[in-house]
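*Asks:* Residue numbering for the sequence shown follows full-length UniProt numbering, starting at 1 and increasing by one per position.
Dumping the structure here so I can ask a few things about it.
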Amino acid sequence: MTEGPLPRILLRVALPITITNLAQASFDIVNAVWVGRLGEAAIAAITASGPLFFVLISLGSGLSTAGAVLIAQNAGAKRFDRLDHVAAQTLLMVGLMALAFTLAGAATVGPLLRLIGVEPAIHDLAADYLAIRYVGMVPMFGFMALQAMLQAVGEVRFAMRVQIGSVIANALLDPLLIFGIGPFPEMGVPGAALATVIAQIGALLVLLHHLLSGRSSLHLRGHHFRPDPAHIRLALSLGLPASIEQAIRTFSSLLLMALAASFGTLGLAAYGVGSRPLHFWFTPMIGLSIATAAVVGQNIGAGLTARAEEAARLSAWLGFAGMTLVGLAHLPFVPTMMTALAPGEPDVIASASTFAYIYFPFLGVLTVPQALLGAFRGAGSPSHSMLISIVMQWMFQMPAAYLIAFGTDWGILGIWWSYPIANAAAALLCLYWFRHGSWRHRLTTVSTEK
């Protein structure tokens, strides 16, 4: 990543990561398609459970980000003896954290669902779905961490193939467990959760075998798992801002969902269905962000600051142009997509379609801050990325959603319009910090392997 034409390198790294993340987003899309055949209550239950689950994912994602940044910068600096140590320490911390989150999630699922105003009719469905998903947090977090580190070291295609395989497994298991086909029990909504957990366990086992086989640039050995306090402190200093950033984004989604739920079950279902394509396409934006962080991180580690800056600029332009075209191309097909996600629910389809018509033309604008925030993280400046995300969510999106939805006669349209408003502001803020900030001068160090 430190030599050769940057456009080719960025695309070579970003494309497999984007496909990987699209495949990851397909878990929820596939689940939504099958569960959508169970009616409005089932759709609303999945919608209500999503943000609660992703709050914990967001809180824990920082350690995976820290591991990827340290891997990338050490690889760029050619400190290859540190890579295995970083990988093992990251996996150790992520596993312990995921176990704690499993217990915390199971203990708080009921009160949290009541707190966000979930109606009694869908409370039990959402709780059952979450209970099973929480059981799968350890394999899911372990897979996410290993995948991020493999991407940072350049093994993007292997991670992509494993993710695609897990999505196929999930798609095959979903109808069997939801509807009880053949010898499988009819589980309904919880069956979708179980299918996802089984697929994620399989994906983690494949990645672990890859790292233990000696065919990877990263290797897991027993002595690397001895806790290293210096490394743990460094990883936390990088991971905590990244976790806060992701948690803030997820908490904001939770509050936006609560605002939508204040318009009744129809509003909640429309938010869930309408946001599915946005979440799907937000995933390749994150893929571009991860690729940018890897390329910038390796070049910062190698001392190639100007090349790192050019990579960030190019990534933002590629993301803006590519995702703008994607958004515009989707506009003629919006009703068809929403009908597939909520068959037989004309009111949900109509409201969700309005949401999609609002955000699709602005997909390119949404991509610019994600590309630049990835550059800031790759340079070892996650606190800058965190602060920009806080401003975007709490100074722009949440006030805009509330004021327009409840201060005018637009109603739920205020929530829909808050997305392009907030992301346009975030893009301008990121561009300012990219040009004038100190992010490019950061260099992360890592503790010596013992």
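In this text, a Cβ means the ideal position worked out from N, Cα and C, and glycines have one as well.
Assign residue 223 to one of two classes, buried (16 or more other C-beta atoms within 10 Å of its C-beta) or exposed (fewer than that).
*Replies:* exposed
*Asks:* Compute the Euclidean distance between the alpha carbons of residue 144 and residue 409, then round it to the nearest angstrom.
*Replies:* 43 Å
*Asks:* For residue 103, is the classification buried or exposed, using 16 other Cβ atoms within 10 angstroms of its Cβ as the cut-off for buried?
*Replies:* exposed
*Asks:* Identify whether residue 411 lies in helix, strand or coil by the three-state DSSP scheme.
*Replies:* Correct three-state label for residue 411: coil.
*Asks:* Excluding sequence positions up to five away, which residues of its chain have a Cβ less than 8 Å from the Cβ of residue 13?
*Replies:* Correct list, in chain order: 1, 151, 154, 156, 291, 294, 295.
*Asks:* If you drop the 5 nearest sequence neighbours on each side, which residues of the same chain put their C-beta closer than 6 Å to that of residue 46?
*Replies:* 35
*Asks:* Quick one: grab the DSSP three-state call for residue 2.
*Replies:* The three-state secondary structure of residue 2, taken from DSSP, is coil.
*Asks:* Which stretch, first to last residue, makes up the alpha helix (DSSP H) that contains residue 377?
*Replies:* Residue 377 -> alpha helix (DSSP H) spans 363-378.
*Asks:* To which residues of the same chain is residue 316 closer than 6 Å at the C-beta, ignoring the five residues directly before and after it?
*Replies:* The answer, listed in chain order, is 368, 371, 372.
*Asks:* Beta-carbon separation of residue 187 and residue 48 under 9 Å?
*Replies:* no
*Asks:* On the premise that residue 412 lies in contact with residue 422, defined as a C-beta separation below 8 Å, what is that separation, rounded to the nearest angstrom?
*Replies:* The pair is not a contact, with the Cβ atoms about 16 Å apart (cut-off 8 Å).
*Asks:* Among residues of its own chain, excluding the 5 on either side of residue 129, which ones have a beta-carbon nearer than 8 Å to its beta-carbon?
*Replies:* 45, 46, 49, 189, 190, 192, 193
*Asks:* If you draw a straight line from the alpha carbon of residue 161 to that of residue 20, how long is it in whole angstroms?
*Replies:* About 8 Å.
*Asks:* Measure the beta-carbon distance from residue 269 to residue 348 and round it to whole angstroms, keeping in mind my assumption that it falls under 8 Å.
*Replies:* Contact flag correct, Cβ pair sits at about 5 Å.
*Asks:* So residue 400 and residue 76 are supposed to be a Cβ contact under 8 Å. How far apart are they, rounded?
*Replies:* That belief does not hold up - the Cβ atoms of residue 400 and residue 76 are roughly 40 Å apart, past 8 Å.
*Asks:* To the nearest angstrom, report how far apart residue 215 and residue 159 are at their CA atoms.
*Replies:* 13 Å
*Asks:* Ignore the nearest five residues each way along the sequence and tell me which others in residue 42's own chain have a CB closer than 6 Å to its CB.
*Replies:* 35, 189
*Asks:* With respect to the alpha helix (DSSP H) encompassing residue 392, which residues constitute its N-terminal and C-terminal limits?
*Replies:* Unbroken run through residue 392: none, as it is neither H nor E.
*Asks:* Using only the alpha-carbon positions, how far apart do residue 263 and residue 247 sit?
*Replies:* 25 Å
*Asks:* Between 358, 244, 341, which has its C-alpha nearest residue 28's C-alpha?
*Replies:* Closest option to residue 28, Cα to Cα, is 341.
*Asks:* Three-state secondary structure (DSSP) at residue 99?
*Replies:* helix
*Asks:* In three-state terms, what does DSSP make of residue 302?
*Replies:* coil
*Asks:* Short of 8 Å in beta carbon distance, which residues of its chain neighbour residue 10, apart from the five on each side in sequence? Order them along the chain.
*Replies:* For residue 10, where only same-chain residues beyond five positions count, the Cβ hits under 8 Å are 291, 292, 295, 311, 314, 315, 318.
*Asks:* Check residue 118 in the structure and name its three-state DSSP category.
*Replies:* Looking at residue 118 - three-state DSSP - the assignment turns out to be coil, as it is neither helix nor strand.
*Asks:* Tell me which residues share the same chain as residue 241 and place their Cβ nearer than 8 Å to its Cβ, disregarding the 5 neighbours each side in the sequence.
*Replies:* So the qualifying residues of the chain are 62, 382, 383, 385, 386.
*Asks:* According to DSSP, is residue 342 part of a helix, a strand, or is it coil?
*Replies:* coil
*Asks:* Hey, how far is the Cα of residue 451 from the Cα of residue 149?
*Replies:* Because the chain is modelled from 1 through 450, residue 451 falls outside the range shown and cannot be assessed.
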